[in-house]
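Just so you know, the protein sequences line up as chains A and B, in that order. Sequential numbering from 1 applies to the first sequence in our numbering. Sequential numbering from 1 applies to the second sequence in our numbering. Below is one structure; the comments refer to it alone.
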Amino acid sequence: MKLGLGKIRDVLAGSPEQEKENKAEAKDVVARKEEEEEEKEIDSRDEDQETINEKGQGEEGISMKKPESHIRTARRFQPNEGKTGLIFFPAFDWAISPTHPEREERLLYTRDQIFEEGLMDLPEIAEYKPRLAEFKDIARVHFCVPDIEAQATVPHQISAGCSLVLADALMKGEVKNAFSLARPPGHHAMRVAHGNRGFCNINNEAILVEYLRRKYGIRKIAIVDTDVHHGDGTQEIFYHDPDVLFISFHQDGRTIFPGTGFMNELGGPKALARTINIPLPPATPDEGIHYILDKLVFPILDDFKPELILNSAGQDNHYTDPLANMRFSVQGYAKLNEKLAPDIAVLEGGYAIETALPYVNTGIILAMAGLDYSHVREPDYTPGMFVQAKRDRQMLDEIVRVQLENWKNRDFLVEEAVSDLGDFYRRKKSIFYDTDMIQESQEESVRMCPDCLGYMTIDSQAQHGYSGAKVFCVSIPIYACEKCRKEALEVYRDHTHDIKYDYVYLQDKKADVYKSYNPKTRQERVL
Amino acid sequence: MLIGIDVGGTTTDAVLIENGKVRSTAKVPTEPRNLLESLISALDAVSEGVSPGQLERVVFSTTVITNLIAEGKTDPVALLLVPGPGMNPAGYNFPDSFILKGAVDYRGREIQVLDEKEVRETAALIKEQGFSRAAVISKFGQRNPVHEKRVKEILEEVVPGLKIELGHRNAGRLNFPRRVATTMLATAAKDRYRDFVEEIRKALSERKIEAPVYILKADGGTLPLEKSEEVPVETIFSGPAASTIGALALTPRGESSVLVDIGGTTTDLALILSGEPLMASKGAKLGRFLTHVRAFAVRSIPVGGDSAVRVIASENASAGKKKVSVGPDRKGPAFCLGGPEPTPTDALRVLGISSIGDLALAKEAIAGIAAELGKSEEESAELIVDKATEMIAAAVKGMFLEWEQEPAYRIWEVLQEKKEDLRNVVGIGGGARGLISKVAEKLDANPVIPEHAEVGNAIGAAVARPTLTLNLHIDTERKEYSVAEDGDVVKLHTTGIKNINKMRSEDAEALAAELLRKRAEHFGISEYAGEAETTRSEVFNMIRGWATVGKLFDVSMQIPAGLIPEWKREEQA
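Below you can see the structure in the form of C-alpha cells.
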C-alpha cells in the first residue's frame, strides 16, 4: 500500500457507512474545531539544496552521553520485582477557581480512601516527597509566553516535579515502577504555552521525557495516554519525534474536548505512525478498551520495544465521570495498569471525585504494586452492567485494522512523505485555549535534515480579546546534527532583530541552553 | 516534691525533685518477672526520709505493655472486621479475624448493609471457640460507627459476658489496618493493665502516698493513672519518651538537640527541633503491628557499649585489608568488666576516655584486635570508637533526612524549607559516655552531658506535663461531626451553631477548642487546656454541579509535650 498523507486521510475516511452518518450528525458541534485543526502542508519554498557531509556531526549528536551497554528495557519486558514509588500530591491548597473541577476537593476522598486502606504502610510501596521542577526542566519542553513564571506557577512546578522525583527513584533502582498521583494535570499543554488549555498549563509527561533524555540518556520512550480526552498537547510536542511513540485512546473527538485525536493524525513526516490515535465510540465499556489494548496497543508496544513506558493515567473514562461519556470501571482500570505495566504513571484528568477517583486510584496503586485489587470496586457496580454494542465492536475492528496497517508500514510512510518534501515541512495550526479563552494561530516549520530530526521553528500569534503576544520560537532537538544547530542559532539571531515579535525564543536541547529575547527592550534571558 | 520513676529494661531509675531541683536519685536492677517490685523498690529508695504528705506528684513510665506484647502474654481477641471495598482482607495478617459483609464510605454513608445472619453465625462461632474478648472494627467506622455498634449488640446478645471493644472508640485517624491493630492490642492488654494499675494503687496506699499519680505516654505526656486504663496501649515506648523529655528538661530552651542514649546493646536516638521533641509522623510500631499510638520519632540502632567487636575483611578485600565491625550482638558485659569479648567500652578504657573497668583486661581485649589488624593497641582502639560513633552519627543524619523528606500534601509544605542546625548532642543514660563527644564531633555539634544524665529518663518522667490531641472532622452536608480520639459521630445541631450551612473556619476552630476543653476536663488536666494550639485547620468546599452543597472542615488541636512549670530548667541547663 502506497500512502501519502493525503491518501491516508482518504483511506481512513473509507470506514463503514455508520461512521459517516455519525460524522454528519456531529458536524455542527465539531465542525468549527475540525476546520481549525485542519493541517495545511506548504511545499518547501527553500529551493537551495545543502550539501551535507556523508558522515560526521550528526552521528556525534546521536551518540552523545549514552553507552550502548546501558540501554534499558521497559518493565513490561522485565521480571516484576521491587517497590512501587508513589507521590500523592493533592494540592489541598490550590484550585483554578472555587467551583472548577480542578479544585482543592478533587483528591480529598482519594486521600481518605488510600490513607484508610493504609496503602502508604505497605512494604511494597515507597512514598516520596514532591519537589519543584526547575525552570530549565520546563524550558526543555515549552516556550512559555511571556516567561515560565507566567505559565508555570508553583503548583504546576510541583506537579511536574513529582514525576521527576519518581524518575530519579526509578533510574537509581530504588523502585520498580512509580505513580505520580499529583495535580494539576498537563497533557493538553502544547509546546508553546500562552495560557491554560483543558485545565493544563505545562505538560508533566513531556517534561518527564526530556528530563529522562537529558539526565539519563534514555532514547526510546512510549507514552500511552489513557485519559478520556485526546492527549493533544503531548501529541503535538512529540509529533515529529520517532523516538517517542505516542498512543492515545479516548472518546471520539467529535463528541468531546479537545475535538482531535483522529486516526489521520499520525505524526510528522519523519515520525509517521509514531503517533497512534484510537478514537473510541462513546459508552465503550471495559470489554472494548481491553480489546483495543490486546489487539492494537500491546502488539505495537511490544514491537517498538521502548526503554520506558509512561502512562498518562487519566481516570475520566469511568462510567460516572461528569465530563465524559465512557463506561470504564475500576476493575477495567486496574487490569489495564497491570497489563500495560507502565514504568511511570502520571495522573491526568478524572473528575468523578467521589464515585470513581477513590476507588480507581486504590485499584491502580495496588495493581502497580503487584497486589490483589480484586476487592476494589465502586459501591454501585455489578459485573456485566455494561455491554459492548455490536455496532461499536465493528468500529473497533476497523480501528485495529487501519492502525496496525499504518504501524506495519511506518518506515515506508516516512520514506514516502520525506521524498515528497523539500528542505522544510510546514504546517499551519489553530489552537484554542478553552480555560483561558485564547485563540492561537501557528505556523510550524521543520527542517528536513537527512542527518537528524531537524530543527523546528514556530511562529505564533495569540489572541485574547484585543491583546495577545506574537512570538517566534526555535527548537533544536537533543540529538540534532551540528549543521542544523548552527542554522537554528542563526535563525534565532536573525529574528531577534524583528520588532514585530514580542518575544523570540531559543530552545537548544543539544547544549541544554534556553534563551528568550525581547526585541523591543533588547534584553535576553538565558537559562 | 515530685517523683519520677522509669522502669527500663535493665535498671529502674528514680528521682526526687524538690523546689525544681534534683534532691536524690536511685537506681535498682529491673526484675523482668516482677516490674511492680522493681518500681516499688526504686520508689522506696528515692523517697527515703520523706514523709508521704510532702509528695505532690508521682509519675511512672513503664514497659509493662511492651513486655506483655513481646512475650505474647496478652489475651486472645476475636477480631470482627467489616472492611468493605478496597484491599483484599485475606492479605491482612491479624490473628483470629472474622471478615463480615457491609461497608461505609469515606463520607460515612452506608454503601453495603450488614448481613445480620452472617454476624449471628460468626458470633456463635466465637462463642464456640471460647473467646472472652472481641474487637469490632469497620473501615471508615470513625466516620460512621453504625456497623460496629450493631455488631456489638448482636455479640452481646449471642455471647453473654463477652468483653467488646470498638475500633472507632480506640483510634479515629484514617488507616484501617492500624486501627485494627491498635484496637486489638488495647483489648488484649486491658485486663492485665488494669491489674497492674490496681497493684500500684495498693502499694501506694500502703505507703500512705496520696499525691496524684500519673503514667507517661509514648508521646511524652502524662495521664492520671486511673484514666490510663482506658488507653493502655498509649503507655508503650514510654521509656524513650521519658529520656526525650529528660533531654528537653536538661538543655536550654528552644535549641535543637539529638538525644543519644547509649545502652549496652542498643543506642536510642530522638530529636528535639527548636525546643520541640519530634513526633513520629505516623503511629508507633509495636512488635509486628503498626498502630495509631502517637509517639516520638525514636530510632534504636544495634550499637552499644557492650556490642561485640570483630575484625572482618574490608569490601575491597583484594588488598587483603581488614576492618573492625561493632555489633549488632552483645555477648555479655565488656571484657574489662569480666565479659567474654572486646567491646567499645574496652576501647574507651584503653584510650583513657573512660575509667570504667580494669585497664589490664581492656588492653588484653584490644590487643587481640590489634594483632588481627596489624596495628597498635591505641590505633585499634581509635578505630573501634570511630566505627561505633560513625554508626551513631550516620543514624542521626538518617533521621534528619527522613524528617526533611516527609511527604507533603500541600503547596506550602513543599515550599517550607526544612532545615535545622543541630546544636547539641545530649548524652542521657548511663552507658558509654565517652562516645558522646566523638559523635558530636562527627555531627559538628556540642557534646552535652548534663548533671544527673544517668537518671535523665526519671527526670523526664518527673517533669513531663500532660498532652492531649483532638482531631475534629465536620461534614456540613451530612450535618455531623466526629472526633477522631473518641470516635462518636454527633449531629451538628447539638452544638448550638446557628446556621450550619454558613459555618466558617472560625466556628469549626471554636467547636474544636470547646471539645478539647471538655476532653481535658475528662482526663483531669483542665489546667493545661489553655496550652492547646491549633496545628491544622482546613476547609474544603463540596461542589456538586456548580453549586456549593456543603463544607468539610478538619481541625487538629494539641496540648504538646512539654515540662511542668515547677521545673526550673534555665538554672539546671
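Beta carbons: idealized from backbone N, C-alpha and C, even for Gly. If you're wondering where the values come from, they're calculated on a predicted model, not measured in any experiment.
Contact set for ARG140 of chain A: own chain, Cβ-Cβ below 8 Å, skip 5 residues either direction | For the purposes of this step, residue 140 of chain A is taken as residue 140 along the first sequence, with counting starting at 1. The beta carbon of ARG140 of chain A lies closer than 8 Å to those of ILE207, GLU210, TYR211, ARG214, GLN507, LYS509, ASP512, TYR514 in the same chain, with the five residues before and after it left out.
Interface partners of THR362 of chain A on chain B, CB under 9 Å | Counting from 1 along the first sequence, the entry for residue 362 of chain A is found at position 362. PRO85, GLY86, MET87, listed in chain order.
Measuring CB to CB, does VAL555 of chain B end up less than 8 Å from ALA484 of chain B?
-> To locate residue 555 of chain B, count along the second sequence from 1; it is residue 555. To locate residue 484 of chain B, count along the second sequence from 1; it is residue 484. Result no, Cβ atoms of VAL555 of chain B and ALA484 of chain B do not sit closer than 8 Å.
Would a C-beta distance cut-off of 8 Å place PRO322 of chain A and ALA283 of chain A closer than the cut-off?
-> Here residue 322 of chain A corresponds to residue number 322 of the first sequence, with the count starting at 1. Here residue 283 of chain A corresponds to residue number 283 of the first sequence, with the count starting at 1. Cβ distance not < 8 Å, so PRO322 of chain A and ALA283 of chain A don't count as in contact.
From the beta carbon of GLN113 of chain A, is the nearest beta carbon of chain B less than 8 Å away?
-> If you number the first sequence from 1, residue 113 of chain A lands on position 113. Interface residue, yes.
Cutoff 7 Å; reference ASP421 of chain B; Cβ partners in own chain excluding five residues on either side = Residue numbering aside, residue 421 of chain B sits at position 421 when the second sequence is read from its first letter. Around ASP421 of chain B: SER256.
Indicate whether at least one CB of chain A lies closer than 8 Å to the CB of ALA573 of chain B.
-> The residue labelled residue 573 of chain B in the question sits at position 573 within the second sequence. For ALA573 of chain B, the predicted model reports a pLDDT of 46, less than 50, meaning its position is unreliable and no value from the coordinates is stated.
Which of helix, strand or coil does DSSP assign to VAL513 of chain A?
-> Working through the first sequence from its first residue, we reach residue 513 of chain A at position 513. Note: VAL513 of chain A maps to strand in three-state DSSP.
Can you find a C-beta in chain A that's less than 8 Å from the C-beta of SER556 of chain B?
-> Taking the second sequence and counting its residues from 1, the one referred to as residue 556 of chain B is at position 556. So, not an interface residue.
Whole-angstrom C-beta distance between VAL258 of chain B and VAL396 of chain B, which should lie under 8 Å | Within the second sequence, numbered from 1, the residue matching residue 396 of chain B stands at position 396. Within the second sequence, numbered from 1, the residue matching residue 258 of chain B stands at position 258. VAL396 of chain B to VAL258 of chain B, Cβ: 5 Å. Contact.
Given LEU54 of chain B as reference, the closest of B:ASP105, B:PRO212, B:ILE384, B:MET542 once Cα atoms are compared | Here residue 54 of chain B refers to the residue found at position 54 of the second sequence. Just to set this straight, residue 54 of chain B is Gln in the shown sequence, not Leu. Nearest of B:ASP105, B:PRO212, B:ILE384, B:MET542 to GLN54 of chain B, Cα basis: B:PRO212.
Secondary structure of MET279 of chain B, DSSP reduced to three states | In the second sequence, counting from the first residue as 1, residue 279 of chain B sits at position 279. Three-state DSSP puts MET279 of chain B in a strand.
Span of the beta strand (DSSP E) holding PHE246 of chain A?
-> Counting from one through the first sequence, the residue named residue 246 of chain A turns up at place 246. That run of the beta strand (DSSP E) goes 244-251.
LEU166 of chain A vs ILE87 of chain A beta-carbon contact at 8 Å | Reading the first sequence from its first residue, position 166 is the one you call residue 166 of chain A. Reading the first sequence from its first residue, position 87 is the one you call residue 87 of chain A. Contact: yes.
Would you please verify whether the beta carbon of ALA91 of chain A is less than 8 Å from any beta carbon of chain B?
-> Locating residue 91 of chain A in the first sequence gives position 91, where the first residue counts as 1. Yes, its Cβ sits closer than 8 Å to a Cβ of chain B.
At a cut of 8 Å, does the region 330-349 of chain A reach the region 306-314 of chain A through at least three beta carbon pairs?
-> In short, these stretches touch, since the Cβ pair count reaches three.
Test item: CB-CB of ASP6 of chain B and SER41 of chain B under 8 Å = Against the second sequence, residue 6 of chain B aligns to sequence position 6. Against the second sequence, residue 41 of chain B aligns to sequence position 41. Taking 8 Å as the Cβ cut-off, ASP6 of chain B and SER41 of chain B do not qualify as a contacting pair.
Enumerate in chain order the residues of its own chain whose CB-to-CB distance from TYR505 of chain A is below 6 Å, with the five nearest sequence positions on each side excluded.
-> As a working note, residue 505 of chain A is residue 505 in the first sequence. Result list for TYR505 of chain A: PHE143, CYS473, SER516, in chain order.
At what residues does the alpha helix (DSSP H) containing LEU489 of chain A begin and finish?
-> Residue mapping note: residue 489 of chain A aligns to position 489 of the first sequence, counting from 1. Counting along the chain, the alpha helix (DSSP H) containing LEU489 of chain A begins and ends at 482-495.
Which residues in the same chain have their Cβ closer than 6 Å to the Cβ of GLU505 of chain B, if we skip the five residues on either side of it in sequence?
-> The sequence position of residue 505 of chain B within the second sequence is 505, counting from 1. Here residue 505 of chain B turns out to be Ser, not Glu, going by the sequence shown. The residues are SER537, VAL539.
Would you say MET456 of chain A and SER441 of chain A are within 8 Å of each other, going by their C-beta atoms?
-> Taking the first residue of the first sequence as 1, we reach residue 456 of chain A at position 456. Taking the first residue of the first sequence as 1, we reach residue 441 of chain A at position 441. In this structure, SER441 of chain A does not lie closer than 8 Å to MET456 of chain A by Cβ.
Are the region 278-298 of chain A and the region 232-243 of chain A in contact at 8 Å, needing three or more beta carbon pairs?
-> no
Identify whether MET437 of chain A lies in helix, strand or coil by the three-state DSSP scheme.
-> As a first step, residue 437 of chain A is located in the first sequence; it is residue number 437 there, counting from the start. In the three-state scheme derived from DSSP, where H, G and I count as helix and E and B as strand, MET437 of chain A is classed as coil.
Per-residue burial, TYR466 of chain A [other beta carbons within 10 Å of its own, 16 or more giving buried] | Taking the first residue of the first sequence as position 1, residue 466 of chain A is located at position 466. Label assigned to TYR466 of chain A: exposed.
Cα-Cα, which of A:ALA160, A:GLY384, A:ASN80 is closest to ASP137 of chain A?
-> Start at 1 with the first residue of the first sequence, and residue 137 of chain A comes out as number 137. The shortest C-alpha separation from ASP137 of chain A is found at A:ALA160.
Is there a Cβ from chain B that is less than 8 Å from the Cβ of TYR570 of chain A?
-> No answer is possible for residue 570 of chain A: it lies beyond the span of chain A, which begins at 1 and ends at 527.
Buried versus exposed, by CB contacts within 10 Å (16 or more), TRP546 of chain B | As a position in the second sequence, residue 546 of chain B is number 546, starting the count at 1. Answer is exposed; the Cβ neighbour count stays below 16.
If you draw a straight line from the alpha carbon of PHE89 of chain A to that of ALA408 of chain B, how long is it in whole angstroms?
-> Walking along the first sequence from the start, residue 89 of chain A turns up at place 89. Walking along the second sequence from the start, residue 408 of chain B turns up at place 408. For PHE89 of chain A and ALA408 of chain B, the distance between alpha carbons rounds to 7 Å.
Starting from GLN463 of chain A, trace the beta strand (DSSP E) both ways and give me its first and last residue.
-> By 1-based counting over the first sequence, the position of residue 463 of chain A is 463. Looking at the DSSP string, the run of the beta strand (DSSP E) that includes GLN463 of chain A is 456-463.
Give the single residue among A:ASN518, A:ARG522, A:ASN196, A:PRO279 whose Cα lies nearest to the Cα of PRO146 of chain A.
-> By one-based count along the first sequence, residue 146 of chain A stands at place 146. PRO146 of chain A has its Cα closest to that of A:ASN518, out of A:ASN518, A:ARG522, A:ASN196, A:PRO279.
Interfacial residues, the region 463-483 of chain B to chain A, with Cβ spacing under 7 Å | none
Using a threshold of 8 Å, state whether the C-beta atoms of PHE328 of chain A and ASP392 of chain A are closer than that.
-> Residue numbering aside, residue 328 of chain A sits at position 328 when the first sequence is read from its first letter. Residue numbering aside, residue 392 of chain A sits at position 392 when the first sequence is read from its first letter. When the beta-carbon positions are compared, PHE328 of chain A and ASP392 of chain A stay at least 8 Å from each other.
Taking 8 Å as the CB-CB cut-off, is PRO407 of chain B touching chain A?
-> Here the question's residue 407 of chain B lines up with position 407 in the second sequence. Answer yes: the Cβ-Cβ gap between PRO407 of chain B and chain A drops below 8 Å somewhere.
Output the distance between the C-alpha atoms of THR534 of chain B and ASP227 of chain A, rounded to the nearest integer angstrom.
-> Here residue 534 of chain B refers to the residue found at position 534 when the second sequence is read from its first residue. Here residue 227 of chain A refers to the residue found at position 227 when the first sequence is read from its first residue. Approximately 40 Å between the Cα atoms of the pair.
Chain-order list of residues whose beta-carbon lies under 6 Å from that of LEU273 of chain B (same chain, five-residue window excluded) | Residue mapping note: residue 273 of chain B aligns to position 273 of the second sequence, counting from 1. The residues are SER256, GLU420.
Are there 16 or more other CB atoms within 10 angstroms of the CB of THR521 of chain A, so buried, or fewer, so exposed?
-> One-based indexing of the first sequence puts residue 521 of chain A at position 521. Result: exposed.
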